[in-house]
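Down below is the structure, laid out as structure tokens.
In full-length UniProt numbering, the protein residues as written are 1 to 229.
Below you can see the structure in the form of structure tokens.
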């Protein structure tokens with residue numbers, strides 16, 4: 001096929017002579033102005049090999065909530081949490097204190113839980129939960145808690161809050177005794193061992209205490225071991 005006679009049909013249009021010559025040079029490997037089947041196949045194979053494949057989009061990794069450690073509070077723990085949230089120490093729980101307590105317990109809508117809990121347990125209608133009304137509030141917290149939230153995945157921030165909550169003398173440090181209580185609270189079967197191993201893992205300055213700076217490393221350890229319980 002010569003350059004004079006070659007015409008490439010594209011739909012209803014034809015290429016001009018210059019384009020035809022260029023096409024022949026591109027495919028005509030041996031320069032005889034004739035394009036054979038073998039030359040077309042060879043060109044197609046080479047073209048395919050030189051094509052750079054498009055980079056595939058790698059889906060972003062999303063943290064799997066199911067892998068996070070979970071916690072379910074016992075009745076005595078719920079009661080203890082409510083008592084600890086009596087911020088002003090007047091022996092009663094106000095709405096604002098109840099909101100903080102329900103938030104600590106993992107409630108999705110703590111404001112809602114606080115108001116309904118108050119309506120459920122406030123027998124004398126004074127707008128406060130007294131010590132006598134506390135058991136009834138715990139009944140509501142147990143019954144009203146959605147199982148998904150009472151056994152919900154524990155976030156790092158929530159776990160940090162739990163460790164800080166167990167700083168009983170509020171000195172800004174966690175000792176072995178406080179760590180043991182914290183791991184017990186988190187559902188560890190052998191909290192004393194977990195406390196000692198956690199201290200070894202996170203106590204960077206070897207003072208026998210966990211300070212604010214070392215808390216993140218302690219949470220790394222707790223996250224791993226609590227999932228295995």
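Just so it is clear, CB atoms sit at the ideal spot from N, CA and C, and this is done for glycine as well. These numbers were taken from a predicted model, which means no experiment stands behind them.
Work out the CA separation of residue 224 and residue 210 for me, nearest whole Å. 18 angstroms
Three or more C-beta pairs below 8 angstroms linking the segment 123-140 and the segment 159-170: no
Taking all protein chains shown into account, do 16 or more other C-beta atoms lie within 10 angstroms of the C-beta of residue 78, making it buried, or fewer, making it exposed? Counting of Cβ neighbours within 10 angstroms places residue 78 among the buried residues, the total reaching 16 or more.
Nearest candidate by alpha-carbon position, reference residue 177, set 111, 161, 198: The shortest Cα separation from residue 177 among 111, 161, 198 belongs to 198.
In the DSSP output, which residue or residues are listed as bridge partners for residue 93? 129
Since residue 174 sits in a beta bridge, which residues does DSSP pair it with? 210
Could you tell me whether any non-hydrogen atom of the ligand SAH is closer than 6 angstroms to the CB of residue 108? The model depicted lacks the ligand SAH and carries no ligand whatsoever.
Where do the ends of the alpha helix (DSSP H) carrying residue 164 lie? 156-165
N- and C-terminal bounds of the alpha helix (DSSP H) containing residue 108: Per DSSP, residue 108 belongs to no alpha helix (DSSP H) and is neither H nor E.
Please work out which residues of its chain come closer than 6 angstroms, Cβ to Cβ, to residue 114, disregarding the five sequence neighbours upstream and downstream, and give them in chain order. 95, 98, 99, 102
Taking all protein chains shown into account, decide if residue 138 is buried (16 or more other Cβ within 10 angstroms of its Cβ) or exposed. When all chains shown are included, residue 138 counts as buried.
With a Cβ-Cβ cutoff of 7 angstroms, do residue 195 and residue 217 count as a contact? no
Would you grab the beta carbon distance between residue 105 and residue 81 for me? Rounded to a whole angstrom, and I think it's under 8 angstroms. 6 angstroms
Which residue's Cα is closest to the Cα of residue 179: 187, 171, 85, 163? 163
Check the C-beta distance from residue 226 over to residue 174 and give it rounded, since I have them as a contact under 8 angstroms. So it is not a contact: roughly 16 angstroms between Cβ atoms.
Would you call the CB atoms of residue 204 and residue 212 closer than 7 angstroms? For the pair residue 204 and residue 212, the CB atoms are not nearer than the 7 angstroms cut-off.
Helix, strand or coil at residue 190 according to DSSP, with G and I counted as helix: coil
Give me the Cα-Cα distance between residue 64 and residue 90, rounded to the nearest whole angstrom. No answer about residue 64 holds up, because its pLDDT of 46 lies below 50 and its placement is not dependable.
Residues near residue 221 in its chain [Cβ-Cβ closer than 8 angstroms; skip 5 each side]: 197, 198, 201, 202
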